[in-house]
Structure formats: C-alpha cells, structure tokens
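Engineer: Remember, the working numbering sits 5 above the position in the sequence shown when you count from 1. Idealized CB from N, CA, C, for every residue including glycine. Treat the numbers as computed from the prediction; the structure is a model and nothing was measured.
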Amino acid sequence: DRYFLDNVAGWILELDRGEGIPWKGNYSSWLEQKQARLANEEKAETERGKTLERELEWIRMSPKGRHAKSKARIKAYEELLAKDSEGQARDLEIYIPPGPRLGKLVIEAERLSKAYGDRLLMEDLSFSLPPGGIVGVIGANGAGKTTLFRMITGQESPSAGSIRIGESVKLAYVDQSREVLDPDKTVWEMIAGGEDKIQLGSREVNSRAYVARFNILGADQQKKVGLLSGGERNRVHLARMLKDGANVLLLDEPTNDLDVNTMRALEEALLNFAGCAVVISHDRWFLDRIATHILAFEGDSQVLWFTGNYSDYEADRRLRLGTAADQPHRIKYRQLTR
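1) Where I157 and I168 are concerned, what is the direct C-alpha to C-alpha distance, given to the nearest angstrom?
2) Please go through the same chain and pick out, in chain order, the residues whose beta-carbon is closer than 8 angstroms to the beta-carbon of R238, but skip the five residues on each side of it.
3) For the segment 139-155 against the segment 293-308, are there 3 or more C-beta pairs whose distance is under 8 angstroms?
4) According to the Cβ coordinates, are P105 and N277 closer than 7 angstroms?
5) Ends of the beta strand (DSSP E) at L3?
6) For the segment 268-282 against the segment 303-312, do three or more pairs of beta-carbon atoms, one drawn from each stretch, fall closer than 8 angstroms, so that the two count as touching?
7) Three-state secondary structure (DSSP) at A77?
8) Go through its chain and collect everything with a Cβ distance to S75's Cβ below 6 angstroms, but skip five positions before and after it.
9) Using DSSP with H/G/I as helix, E/B as strand and the rest coil, what is D123?
10) Ignoring anything shorter than 3 residues, give me the beta strand (DSSP E) runs that lie fully in the segment 171-211, in order along the chain.
11) With H, G and I counted as helix, E and B as strand and the rest as coil, what does DSSP make of K229?
12) What are the partner residues of P27, as DSSP defines its beta bridges?
13) Quick one: measure Cβ to Cβ for D293 and S316, integer angstroms, because I've assumed they're closer than 8 angstroms.
14) In angstroms, rounded to a whole number, what distance separates the CA positions of G166 and Y121?
15) Please report the Cβ distance between V192 and V216, rounded to the nearest whole angstrom; I am assuming they are in contact, meaning their Cβ atoms lie under 8 angstroms.
16) Could you give the DSSP three-state label for V253: helix, strand or coil?
17) Hey, out of W28, S286, H242, V111, whose CA is closest to T260's CA?
18) Hey, V142 and V241 are a contact pair by Cβ (cut 8 angstroms); roughly how many whole angstroms apart?
19) CA-CA distance, W28 and K175?
20) Quick check on this structure: which residue in N31, S164, L107 has the alpha carbon closest to the alpha carbon of G250?
21) Starting from the C-beta of K190, find all residues in its chain whose C-beta is less than 8 angstroms away, skip the five residues before and the five after it, and write them out in chain order.
22) Can S173 and A197 be called in contact, C-beta distance under 7 angstroms?
23) Provide the residue(s) that pair with V5 in DSSP beta bridges, ordered along the chain.
24) Give me the residue from G171, S207, G236 with the minimum Cα distance to P136.
25) Could you check the C-alpha separation between N12 and R59 for me, to the nearest Å?
26) Alpha carbon to alpha carbon, how far is Q226 from K202?
27) Classify K109 as buried or exposed, calling it buried when 16 or more other Cβ atoms lie within 10 Å of its own Cβ.
28) With burial defined as no fewer than 16 other Cβ atoms inside 10 Å of the residue's Cβ, what is the status of A41: buried or exposed?
29) Tell me which residues share the same chain as D6 and place their Cβ nearer than 8 angstroms to its Cβ, disregarding the 5 neighbours each side in the sequence.
30) Helix or strand or just coil, what does DSSP make of A279?
31) Quick check on the burial criterion: 16 or more other C-beta atoms within 10 angstroms. Buried or exposed for M3?
32) Using beta-carbon positions only, say whether E258 and Q181 come within less than 7 angstroms of one another.
33) Need the endpoints of the beta strand (DSSP E) that T158 sits in, please.
34) Taking the straight line between their C-alpha atoms, what separation do you get for L232 and P188?
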C-alpha cells in the first residue's frame, strides 16, 4: 500500500536486478530519487522511465488538480478512442486493446437490493456508469463487492431492482480466484495458447513480446503455472483477460500480490484504456490515480455512489461523519424485512 509507505516509511529498500538499494525517505521521496537515478543511467526514455515520470507528475499535483484530471477523463472518451493504438502499444508497458465503441448505456443499476437469507448486503442502490468512467469499489471484506460483480455478469440475480447492460458492452471479468489457470501449462501457453502471434484488438503481435510486457521474461515464460507465486499468477491472469478487446473491464482485486512496477504499469494502462473499468481494490493510491467514481460499501447495507477519486470520497465521508469517520468498525448488515 503506497499510501501506507508514504505516511510511515523513513527508508525504502528497493530490490532491483538482485541488488538491494536503500533510499532515505518515504515512497514519494523514493520516486524522486529513482527518477534521478534512471536519468543518470540514461534510461529515462524507456517505457518504465516515462511511466515513473507520469506518476511523479501526479504526485506533484494539488488535490484540486488531481480531481480535475479524473473529471477530464470522462470528457476525453472520444479522444481515447481516436488515439493511435500503434503508438500506445509501443509507449505503454501494459497495453489494453480497446473494444467496440460504447453507447450511452454502459451499466445501470436501478434500486438494486441483494440479500442472502435475512442478511441484506445492499439496498436501493442506483447508479449509471458513463462511457470512459473508471469506478473504484471499496468496502470491508464480505460487504458484497464481488456479489455485485456476479450480478453484473449474470452469475447471480438481484433480490430486488435491476441491472441493465448496454447492447454495445463487451465485458471482461478478472476475478480473484484465478481458477481458470491450468497448473500443467507453461505461462506462455496459458497466455498465448501456444501461438507465436496473438490478436491484440485489431493488431497482431508477437506473443512472447506481449507476455514480456507483464514482466514475465525469458525462461520464466516456460515455467509451469502450478509453480508460480501469487503475484506471478495474478500477472498471468491479467495478461490472458486483458488481450481480448473488451470495452468494460471488471477487475476484482487486480493489484493483489503485484510488485510496484507492475501496479504502476497497470495504472497507466487503465488511464489510457478507451473504455470503462469497475475495480474492486483496497489500494488507495491506485484508486486515487485512476478512479473517476467511487462505489463505497459503507456498512448497514448502504452503498454510496460518489463522483470523484478516493481522496475526494474520503474528504466527503469525513464531512458527513465527523470524528466517527476515524473510528474502526465492523461491517454490519441490516435484516431483510419482508
């Protein structure tokens, strides 16, 4: 959690190519020093150097500037669609190919409720996801976040209300379980299906080069999936699901077990993605950079739709709750009344 590191760390120990490099300061200070080191090594023009520079630019923005940037993404949806995909694929470490153009209706929930037995997870939830929107879904474990995804994909039905999916929507769902990964296949086979070339949206690319963009290099591409760590499995799952040309991504805890470089690359990919994403995450830094809206499971079966990033939401929550906002609390569910 980069917010955690920014607030508590006095030193950062970076592990880079088998070498441990100590840096004095917090996470933001480490980024400044790292960027200077890359410049000294004449690597500032690499994709990773450019990505790091963009994160530094975001850190240096005022909160007002960050809010304006997230709002601008909605207005820039048409520009994202028109961007040169060849150039983006070249400039970004992780490239998410765009799907079909989205219509006005993307995902719309109307007076949505969901209960298991007498336990009410959510009640009377309404929202409409605009084209180009990125929604951060937050809340305690067990609050109902993954259940919402399962209702969007049709795996579960609401107890009341409705969810409408636009006719132009092509969904891709990256779930937490990673169960679809075959432990007996190699990483390359799992992602590329054993093909030397894969279709990335409208482009045909070298499959091993695509896999390498997820920091899976050389002999690691021939490693059996069953031998992978949690972070490696997550990268394989992301690489498989993001190449199919969907225009709405449902990402359930995508940053779990990822290293900082891969998280940064994923942030850049989502910011440049010509589509929508709904992202369940506990990573506040990640949501601050990418989110245009927040869907907050606040407890007592209440779910709030908020326009803005995580910091905007947190400021609003403190205004609403006062000192109670700082008190830890367990998730509570209302009883279903019939």
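Structural biologist: Reading off the structure:
1) A straight-line Cα-Cα distance of about 7 angstroms links I157 and I168.
2) Excluding sequence neighbours, R238 sits near R183, L186, V230, D262.
3) These segments touch.
4) The answer is no: Cβ separation not under 7 angstroms.
5) The first residue shown for the chain is 6 and the last is 343, placing residue 3 beyond what the model contains.
6) Counting Cβ pairs under 8 angstroms, fewer than three are found: no touch.
7) Three-state result, A77: helix.
8) Here the set comprises T297, N314.
9) DSSP places D123 in coil when its eight states are reduced to three.
10) Counting whole runs of 3 or more residues, the segment 171-211 contains the beta strand (DSSP E) stretches 176-179, 202-205, 208-211.
11) Of the three classes helix, strand and coil, the one that applies to K229 here is strand, per DSSP.
12) P27 pairs with L18.
13) The C-beta distance from D293 to S316 rounds to 5 angstroms, short enough to fall under 8 angstroms.
14) Distance between the alpha carbons of G166 and Y121 is about 15 angstroms.
15) Sure, about 7 angstroms apart at Cβ, within 8 angstroms.
16) In this structure, DSSP gives V253 an extended state, which the three-state scheme calls strand.
17) When each option's Cα is compared against that of T260, the closest is S286.
18) Taking the Cβ atoms as the reference, V142 lies roughly 23 angstroms from V241, outside the contact range of under 8 angstroms.
19) One C-alpha to the other measures close to 44 angstroms.
20) The shortest Cα separation from G250 among N31, S164, L107 belongs to L107.
21) These residues qualify, in order along the chain: K229, V230.
22) No; because the gap between Cβ atoms is not below 7 angstroms, this pair is not in contact.
23) Residue 5 lies beyond the range of the chain shown here (6 to 343); nothing can be said about it.
24) Cα-wise, what sits closest to P136 is G171.
25) Here the alpha carbons of R59 and N12 stand approximately 21 angstroms from one another.
26) Approximately 15 angstroms, taken between the alpha carbons.
27) By the Cβ neighbour-count rule, K109 is exposed, with fewer than 16 other Cβ atoms within 10 Å of its own.
28) Counting Cβ neighbours within 10 Å, A41 comes out exposed, since fewer than 16 surround it.
29) For D6, where only same-chain residues beyond five positions count, the Cβ hits under 8 angstroms are H287, D288, R289, W290.
30) In the structure shown, A279 adopts coil according to DSSP, grouped into three states.
31) As shown, the chain starts at 6 and ends at 343. That puts residue 3 outside it, with no answer to give.
32) Yes; because the gap between Cβ atoms is below 7 angstroms, this pair is in contact.
33) Under the DSSP assignment, T158 falls outside any beta strand (DSSP E); it carries neither an H nor an E label.
34) So the alpha carbons of these two residues sit roughly 8 angstroms apart.
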